[in-house]
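One structure is given here, and the rest of the page talks about it.
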Amino acid sequence: MLAGSFDTLSEAWYYAVKEIYTKGLLVNTEYGIKAKMINGMLLEIKNPVQVWHKKDPFCSPERIKFYKEQFKRESAGKHGFEYTYIDRLVNYEGFDQLKWMQEQLKSLRYESKRIQAITWIPEVDCNKKEDQPCFQRIWVYPYRNNRLDVHIHYRSWDFFKAFEANIIAFQELIKDELTGPTDFMLGSLRCIGDNVHIYEDDFQKVEEILK
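Using this note's numbering, read the sequence shown as starting at 807 and increasing by one per residue.
Spelled out as structure tokens, the structure:
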């Protein structure tokens, strides 16, 4: 189990990369390559500003812009893939989950445990061998002081390549869809991963940043 509470995104990323690489189990994957992995992760980021670790080789202004664009409402259905996360969040079998979440916050459902959106569609994803969504759910908790804690849940997370870029893009989504249109302010951001891993083709880069 990998768990910790951190002030910033970059601190959380560096800590988890080190833990996964030095303590993770070496396994074969369904992609035909090996990976270091840990089952079970909970990282809390208390001050989730959009700043990434200077040693993260997969974060750059251009890459971050690309990730953010994939979470924009206006880009739904326009990426040429079978689906994207934003597609399933705003058009889940015809239902706009993000609009619903926004409406619950506007109606001041303080202390509700029921405000969430999901991506998994059983009749679609259970019948596929691969390419099911890694991101599973976004869940929020609205406090009476208008603080909004946000939980982001992944079933599978390529931690070294994608964690910081994913979370920065999610912060943009939260601002656009949840805090921006309401009176709520983002509180803590908690990142939950069922399986977090680093693939063997990244091992050398990881060793370089851990020196």
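Note that CB positions come from ideal geometry on N, CA and C, so glycine has one too.
Remember, predicted model here, so these are calculated numbers, not experimental data.
Euclidean distance between Cα positions of residue i and residue j
i: D955; j: Y1005; result: 31 Å
i: N952; j: S866; result: 32 Å
i: D818; j: K871; result: Correcting the residue identity first, residue 818 is Ala in this sequence and not Asp. So the alpha carbons of these two residues sit roughly 21 Å apart.
i: A923; j: D893; result: 12 Å
i: C940; j: E1014; result: 27 Å
i: Q856; j: S994; result: 14 Å
i: E978; j: Y837; result: 31 Å
i: L808; j: I974; result: 21 Å
i: K1011; j: G900; result: 43 Å
i: M843; j: K824; result: 11 Å
i: E868; j: E929; result: 36 Å
i: W858; j: S816; result: 5 Å
i: Y898; j: K1017; result: 45 Å
i: N834; j: A882; result: 34 Å
i: K981; j: C997; result: 17 Å
i: G986; j: R879; result: 14 Å
Where the alpha helix (DSSP H) through residue i begins and ends
i: R894; result: 891-896
i: W819; result: 815-829
i: L904; result: 903-912
i: V930; result: 928-931
i: Q876; result: 867-876
i: Q1010; result: 1009-1015
Run of the beta strand (DSSP E) containing residue i, from where it starts to where it stops
i: A968; result: Unbroken run through A968 is the alpha helix (DSSP H), 965-980; no beta strand (DSSP E).
i: Y1005; result: 991-1005
i: I944; result: 941-948
i: A882; result: From DSSP, A882 is part of no beta strand (DSSP E); its letter is neither H nor E.
i: Q922; result: 922-924
C-beta neighbour in chain B for residue i, strict 9 Å
i: H1003; result: Included in the structure is just one protein chain, with no chain B present.
Beta-carbon gap between residue i and residue j smaller than 9 Å
i: Y947; j: H957; result: yes
i: I851; j: T814; result: yes
i: R943; j: G999; result: no
i: T1073; j: Q903; result: The shown model of the chain, from 807 to 1017, leaves out residue 1073, and the question about it has no answer.
i: I921; j: L911; result: yes
i: T925; j: Y873; result: no
i: Y949; j: E983; result: no
i: F864; j: F976; result: no
i: N933; j: W963; result: no
i: Y821; j: G830; result: no
Per DSSP, cross-strand counterpart(s) of residue i
i: N834; result: K840
i: E850; result: S811, R996
i: H957; result: W945, R996
i: N952; result: Bridge partners of N952: none, in fact.
Close-in-space but distant-in-sequence residues of the same chain around residue i (CB under 6 Å, 5 per side omitted)
i: D1008; result: F966
i: D862; result: E970
Contact set for residue i: own chain, Cβ-Cβ below 8 Å, skip 5 residues either direction
i: K840; result: L832, V833, N834, Y1005, E1006
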